[in-house]
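These notes concern the structure reproduced below.
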Amino acid sequence: EDQVTQSPEALRLQEGESSSLNCSYTVSGLRGLFWYRQDPGKGPEFLFTLYSAGEEKEKERLKATLTKKESFLHITAPKPEDSATYLCAVQDTGNQFYFGTGTSLTVIP
Amino acid sequence: DGGITQSPKYLFRKEGQNVTLSCEQNLNHDAMYWYRQDPGQGLRLIYYSQIVNDFQKGDIAEGYSVSREKKESFPLTVTSAQKNPTAFYLCASSPGTSAYEQYFGPGTRLTVT
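In order, the protein sequences belong to chains L and A.
All residue numbers for the first sequence refer to my numbering, where the first residue is 494 and numbers rise by one.
All residue numbers for the second sequence refer to my numbering, where the first residue is 29 and numbers rise by one.
Here it is as structure tokens:
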């Protein structure tokens with residue numbers, strides 16, 4: 494069965510302490526992998542799309558990478574305003590979307 | 029200013045009543061989606077529409093209905109048949125259904141008592 498698993502469920506970092514969030518997936522064929530940021534009580538905000546293994550995308554302190562089985566969201570020198578839940582989603586070749594349950598990131602000043 | 033709007037932000041209803049959640053987009057996107065988000069669970073697809081006057085059931089369509097009479101509008105009705113309707117509802121749109129990211133609205137939190 495196709496699925497998306499994100500780890501860890503929760504992560505607490507000191508301001509400036511870099512780390513990575515993981516999204517592992519099992520789909521019959523990958524059409525795209527998407528990262529979103531979600532603040533409490535709000536809709537997810539689109540961050541990145543990755544299409545093929547080896548691809549990388551960056552935006553400010555965030556960098557997303559993709560392999561054949563997983564994606565990482567690297568956060569470099571995080572700030573308190575980076576605190577949010579980060580969601581991963583994959584779309585398979587049948588155009589079905591599967592969302593992970595997210596990683597809740599807290600950055601402590 | 030392009031985007032997706034959902035209204036209202038909070039909605040309260042008594043059990044047994046139908047309720048309609050609004051979703052409007054001015055992004056000129058063809059595809060629109062409705063998701064439900066519950067604590068500790070990933071987003072679950074309720075319905076989606078690829079074009080006007082056409083829509084398909086998602087994974088948890090029972091107890092919900094939709095319409096797509098205009099490209100920019102995709103309202104969701106939560107009927108009294110939905111056994112556990114209290115949740116955070118998210119509407120999204122994308123240019124198409126293949127390899128396009130989805131853009132989400134701000135959500136509607138529905139509480140049924």
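C-beta atoms are modelled at their ideal positions from N, C-alpha and C, and glycine is treated no differently.
Remember, it's a predicted structure, so these values are computed and weren't measured experimentally.
Scanning the region 519-547 of chain L from its first residue to its last, the whole beta strand (DSSP E) runs of 3-plus residues come out as 523-531, 538-543. Using a Cβ-Cβ cut-off of 8 angstroms, residue 129(A) counts as an interface residue toward chain L, since at least one Cβ of chain L sits closer than that to its own. At a cut-off of 8 angstroms between beta-carbon atoms, residue 44(A) makes no contact with chain L.
Interface flag for residue 584(L) against chain A is set, since a Cβ pair is found closer than 8 angstroms.
Not a single C-beta of chain A is nearer than 8 angstroms to the C-beta of residue 565(L).
The C-beta of residue 544(L) comes closer than 8 angstroms to at least one C-beta of chain A.
Non-local C-beta neighbours of residue 525(L) in its own chain, meaning closer than 8 angstroms and more than five positions away in sequence, comprise 542, 543, 544, 583, 584, ordered along the chain. The beta carbon of residue 48(A) sits closer than 6 angstroms to the beta carbons of 103, 105 from its chain, once the five residues preceding and following it are set aside; these are given in chain order. Around the beta carbon of residue 32(A), 16 or more other beta carbons lie within 10 angstroms, which makes this residue buried.
For residue 574(L), the secondary structure class from DSSP, reduced to helix, strand or coil, is helix. Residue 119(A) is not a Cβ neighbour of residue 65(A), given a cutoff of 8 angstroms. When 124(A), 91(A), 57(A), 86(A) are compared, the shortest CA-CA separation from residue 100(A) is found for 57(A). Using a Cβ distance threshold of 8 angstroms, residue 75(A) and residue 130(A) do not count as a contacting pair.
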